[in-house]
Ligand code: PLP
Ligand code: COI
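Residue numbers (the numbering used here): 72 to 410.
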């Protein structure tokens, strides 16, 4: 049995192997079998599998937190189960059931609970993946599917925790077209971003902002996180048109802003020109939590927000969200599942 020798003091958002993972299988036309925990390790797969050849697969991302009194908390895990099930349908895969998804998450977290860092140091990132694992030469759905849940202790996604990041708007690349797969966590949505994101990082930016593919005017997302602007006390976030991922953090921020802070929230298109007039901007996701945006470069102009500091409302939203997630505050929305 593997022992945990991870140094929680220096965690970054990189992969660290843990003790075990969960594996379940499904033959096309049958139900998912009940899976099992196995030691974490490599899997064997046909070179002709549909995931390797045609990208038939999706992933999810969620976190488990450990409180000071050693309680283990999951944040809205059923939302991930529902999003994964919808994604399966879009990618012609058999829908994963909520029962199997939830059982897998709980088994993996319980078995790897000694890998969960204390919340001030990070969290256990949980990565469910579902993919076509049988061979198939023609472009058609696989006849067999595999569901795996693995996990890794992680630290902050962007360096420096709650410190403002520098972004650049991508003018040469789009993330997702309308009516494509941008609204689900298809694995194929992520590789096209590696080139522009890598270029931006070499120029000193933390990530890129994508504009809509049709008119190239409206903000869609920030790499792998949703976008928010605050202007004159209102929160504006791009509406879910189909090309934007319906983030669970995004949904949570909308509820917190409306119900805890009494703020108006507008889900609508927001042009990059309007963004440049905002008082505060930030991006949000499971990995990113809430990351304040200090500056945005668009074409040849760079605009500074909140004088490059963390905006007041951004900090308030961060404190409320993480208070619920980390179990240091009460949970008025019933979002936490304690294991
Ligand atoms: N947008 C994209 C493209 C993502 O990959 C993610 C991460 O899952 C998000 C937004 C944020 O979603 P969530 O808050 O559910 O993690
Ligand atoms: C997440 O926030 O869970 C994500 O999926 C981002 C990831 C691509 C690193």
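Note that beta-carbon positions come from the ideal geometry of N, C-alpha and C, so glycine has one too.
Item to check | Start-to-end residues for the beta strand (DSSP E) that takes in residue 92 | outcome: Segment 91-98, the beta strand (DSSP E) holding residue 92.
Checklist entry - By Cβ distance below 6 Å, which residues in the same chain neighbour residue 374 in space, the five residues on each side in sequence not counted? => result Taking C-beta separations shorter than 6 Å and ignoring five residues to either side along the sequence, the partners of residue 374 in its chain run 347, 367, following chain order.
Item to check | Alpha carbon of residue 307 to alpha carbon of residue 343, nearest angstrom | outcome: The C-alpha of residue 307 lies about 12 Å from the C-alpha of residue 343.
Next on the checklist: Which complete alpha helix (DSSP H) runs does the stretch 285-353 hold, if anything under 4 residues is left out?
Outcome noted: Runs found: 319-326, 343-346.
Next on the checklist: If the criterion is Cβ atoms closer than 8 Å, does the pair residue 217 and residue 94 meet it?
Outcome noted: Contact flag set, yes.
Checklist entry - Hey, is the stretch 289-307 in contact with the stretch 188-197, meaning 3+ C-beta pairs nearer than 8 Å? => result When C-beta atoms of the stretch 289-307 are compared with those of the stretch 188-197, fewer than three pairs fall below 8 Å, so the two segments do not count as touching.
Checklist entry - Buried or exposed: where does residue 225 fall if 16 or more other Cβ atoms within 10 Å of its Cβ makes it buried? => result Buried, since its Cβ has 16 or more Cβ neighbours within 10 Å.
Item to check | Spatial neighbours of residue 86 in its chain, beta-carbon cut-off 7 Å, leaving aside the 5 residues before and after | outcome: Contacts found: 223.
Item to check | Collapsed DSSP secondary structure at residue 72 in the structure displayed | outcome: Caution is warranted here: a pLDDT of 47 is assigned to residue 72, below 50, making its placement in the model unreliable, and no coordinate value can be reported.
Next on the checklist: Rounding to the nearest angstrom, what Cα-Cα distance links residue 283 and residue 239 in this structure?
Outcome noted: Residue 283 and residue 239 have their alpha carbons spaced roughly 15 Å apart.
Checklist entry - Can you give the Cα-Cα distance for residue 332 and residue 404, rounded to whole angstroms? => result C-alpha of residue 332 to C-alpha of residue 404: approximately 14 Å in a straight line.
Checklist entry - Which residues have their C-beta within less than 5 Å of a heavy atom of the ligand COI, listed in chain order? => result Having a Cβ closer than 5 Å to some heavy atom of the ligand COI are 132, 295, 356, 357, 358.
Next on the checklist: Need the endpoints of the beta strand (DSSP E) that residue 224 sits in, please.
Outcome noted: Run containing residue 224: 215-225, per the beta strand (DSSP E) assignment.
Checklist entry - residue 82 by DSSP, collapsed to three states: which one? => result The answer is coil: DSSP assigns residue 82 none of H, G, I, E or B.
Checklist entry - How should residue 275 be labelled, buried or exposed, when 16 other C-beta atoms within 10 angstroms of its C-beta is the threshold for buried? => result Exposed, by the Cβ-count rule.
Checklist entry - How about residue 198: is its Cβ closer than 7 Å to a heavy atom in the ligand PLP? => result No, since every heavy atom of the ligand PLP falls outside the 7 Å radius drawn around the Cβ of residue 198.
Item to check | Residues of its chain near residue 77, where Cβ-Cβ distance is below 6 Å and the 5 sequence neighbours each way are ignored | outcome: Hits under 6 Å: 87, 224.
Item to check | For residue 119, three-class secondary structure by DSSP | outcome: Three-state DSSP puts residue 119 in coil, outside helix and strand.
Checklist entry - Helix, strand or coil: how does DSSP classify residue 143 here? => result Under the three-state reduction of DSSP, residue 143 is assigned to strand.
Checklist entry - Are there three or more Cβ pairs, one per stretch, closer than 8 Å when the stretch 122-130 is compared with the stretch 168-179? => result No contact exists between the stretch 122-130 and the stretch 168-179.
Next on the checklist: Rounded to whole angstroms, what is the Cα-Cα separation between residue 448 and residue 310?
Outcome noted: This structure gives no information on residue 448, because the portion of the chain shown stretches from 72 to 410.
Checklist entry - So, is residue 396 buried or exposed, given that buried needs 16 or more other C-beta atoms within 10 angstroms? => result Residue 396 comes out buried.
Checklist entry - Helix, strand or coil for residue 282 per DSSP? => result The three-state reading of DSSP puts residue 282 in strand, counting E and B together.
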